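Visitor: Have a look at this one.
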């Protein structure tokens with residue numbers, strides 16, 4: 167088996183790189199992880215809003231991607247396939263951690279103030295952010311998916327449409343409705 | 201009633217803050233280590249299965265050896281032997297039991 171160096175892996179085309187990983191060059195997967203980890207992390211952050219949880223889920227996403235790399239057929243781009251997996255793993259993780267929500271909310275409120283602001287100010291800001299997160303989390307699933315992909319990862323509507331397997335027009339509608347719903351929820355919480 | 205732009209600004213601010221959250225710089229190392237550990241585990245399924253099999257097999261061998269050793273024993277002779285003892289030659293234990301009377 168021929169051995170490739172890290173720069174050689176970087177210079178490879180994505181499809182060639184994936185094929186070489188499937189041929190047993192596991193080290194090549196590191197290139198894919200480094201290339202996409204920040205994007206996956208941002209998408210996951212949009213769902214879980216917590217750094218530690220987002221890191222764990224990002225890791226889970228890449229392990230799942232590695233395990234199912236042989237099923238990637240190249241009909242869509244690798245990033246589209248990867249982001250789709252990231253969304254599914256995040257949603258599954260949210261289902262699992264529903265029980266922990268109450269505790270994490272309390273823990274977030276009990277965190278020590280940063281020092282620049284008064285405790286009251288700090289607490290009211292945290293409560294406000296928590297309210298915003300709740301409003302995002304309470305969006306219907308498709309609206310939330312479109313909102314997170316388009317706002318957290320700043321993906322163009324065309325790519326969001328490919329990930330969600332809907333038309334661009336549908337994405338536009340979902341984003342409009344998400345915006346409306348957020349306004350409604352935050353006007354009358 | 202809160203102004204619409206205020207709400208939009210607050211949402212933008214939250215998203216900006218969460219987008220800028222610094223990720224663990226060793227995340228890719230963690231991912232690769234997890235994958236390597238999983239591959240290692242996959243590569244040695246034989247030992248995982250063999251361990252309990254070997255333990256059970258060695259226990260069975262020990263039990264079998266015990267049974268074999270037990271059934272292999274046969275008494276040397278079934279004829280009752282007569283024990284011939286010359287009482288006169290037997291040591292007198294009373295001598296040892298009466299030490300306190302010694303002067």
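Residue numbers (the numbering used here), protein chains in the order written: chain A, 167 to 355; chain B, 201 to 303.
Cβ atoms here follow ideal geometry from the backbone N, Cα and C, with glycine treated the same way.
It should be emphasised that the depicted structure is a prediction, and the values quoted were computed from it without experimental measurement.
Determine the chain A residues that contact residue 240 (chain B) at a beta-carbon separation under 7 Å, and present them in chain order.
Guide: Within 7 Å Cβ-Cβ: nothing; residue 240 (chain B) doesn't reach chain A, min ~11 Å.
Visitor: Indicate whether at least one CB of chain B lies closer than 8 Å to the CB of residue 259 (chain A).
Guide: False, the Cβ-Cβ gap to chain B never drops below 8 Å.
Visitor: At the 8 Å Cβ level, is residue 265 (chain B) part of the contact set with chain A, yes or no?
Guide: No, because no Cβ of chain A sits closer than 8 Å to the Cβ of residue 265 (chain B).
Visitor: Using Cβ-Cβ distances below 7 Å, what residues of the stretch 214 to 235 of chain B are close to chain A?
Guide: Against chain A - using a Cβ distance shorter than 7 Å - the residues of the stretch 214 to 235 of chain B are 214, 215, 218, 219, 221, 223, 224, 227, 228, 230, 231, 232, 234, 235.
Visitor: Please name the residue, chosen from A:307, A:182, A:337, that lies closest to residue 261 (chain A) on a Cα-to-Cα basis.
Guide: Checking every option, the nearest Cα to that of residue 261 (chain A) belongs to A:307.
Visitor: Could you check the C-alpha separation between residue 201 (chain B) and residue 289 (chain A) for me, to the nearest Å?
Guide: Residue placement at residue 201 (chain B) cannot be trusted, given a pLDDT of 49 that sits under 50; the coordinates are not used to answer.
Visitor: Please confirm if residue 250 (chain A) has its CB atom under 8 Å from at least one CB of chain E.
Guide: In the structure shown, chain E cannot be found, because the protein chains are A and B.
Visitor: What separation, rounded to the nearest whole angstrom, lies between the Cα atoms of residue 304 (chain A) and residue 311 (chain A)?
Guide: Rounded to whole angstroms, residue 304 (chain A) to residue 311 (chain A) spans 12 Å at the Cα level.
Visitor: Who are the neighbours of residue 215 (chain A) on chain B, taking C-beta pairs under 7 Å?
Guide: By Cβ distance, chain B contributes 218.
Visitor: Beta carbon of residue 224 (chain A), beta carbon of residue 249 (chain A): below 8 Å?
Guide: Their beta carbons are not under 8 Å apart, which means residue 224 (chain A) does not touch residue 249 (chain A) by this criterion.
Visitor: Please report the Cβ distance between residue 213 (chain A) and residue 256 (chain A), rounded to the nearest whole angstrom; I am assuming they are in contact, meaning their Cβ atoms lie under 8 Å.
Guide: Confirmed, about 4 Å.
Visitor: Would you mind sorting residue 320 (chain A) into buried or exposed? The rule is 16 or more other CB atoms within 10 Å of its CB.
Guide: The residue in question, residue 320 (chain A), is exposed, as its Cβ has fewer than 16 Cβ neighbours within 10 Å.
Visitor: Counting contacts by CB-CB distance shorter than 8 Å, is residue 341 (chain A) in contact with chain B?
Guide: Cβ-Cβ to chain B under 8 Å: no for residue 341 (chain A).
Visitor: Any idea what DSSP makes of residue 301 (chain A), helix, strand or coil?
Guide: In this structure, residue 301 (chain A) counts as helix in the three-state DSSP scheme.
Visitor: Taking 8 Å as the threshold (beta carbon to beta carbon), is residue 210 (chain B) in contact with chain A?
Guide: So yes, residue 210 (chain B) belongs to the interface.
Visitor: Suppose the cutoff is 7 Å on Cβ atoms and the five residues either side in sequence are ignored; what does the same chain contact list for residue 215 (chain A) look like?
Guide: So the list reads 299, once near-sequence residues are dropped.
Visitor: Taking the alpha helix (DSSP H) that residue 244 (chain A) belongs to, which residues open and close that run?
Guide: From DSSP, the alpha helix (DSSP H) with residue 244 (chain A) extends over 244 to 262.
Visitor: Out of curiosity, what's the CA-to-CA distance linking residue 339 (chain A) and residue 325 (chain A)?
Guide: Using only the alpha carbons, I get a separation of about 15 Å.
Visitor: With a threshold of 8 Å between beta carbons, is residue 348 (chain A) in contact with chain B?
Guide: Closer than 8 Å: yes.
Visitor: Could you check if residue 316 (chain A) is buried or exposed, using at least 16 other CB atoms within 10 Å of its CB as the buried criterion?
Guide: Residue 316 (chain A) is buried by the Cβ-count criterion.
Visitor: Tell me the rounded alpha-carbon separation between residue 333 (chain A) and residue 323 (chain A).
Guide: Distance between the alpha carbons of residue 333 (chain A) and residue 323 (chain A): 9 Å.
Visitor: Compute the Euclidean distance between the alpha carbons of residue 313 (chain A) and residue 179 (chain A), then round it to the nearest angstrom.
Guide: Distance between the alpha carbons of residue 313 (chain A) and residue 179 (chain A) is about 30 Å.
Visitor: In chain B, which residues lie with their C-beta within 7 Å of the C-beta of residue 208 (chain A)?
Guide: Result: 219.
Visitor: Over what stretch of residues does the alpha helix (DSSP H) that includes residue 231 (chain A) continue unbroken?
Guide: Start and end: 217 to 233.
Visitor: Would you identify the three-state DSSP class for residue 274 (chain B), choosing helix, strand or coil?
Guide: Three-state DSSP puts residue 274 (chain B) in coil, outside helix and strand.
Visitor: Between the beta-carbon of residue 231 (chain A) and the beta-carbon of residue 228 (chain B), is there less than 8 Å?
Guide: Contact flag unset, no.
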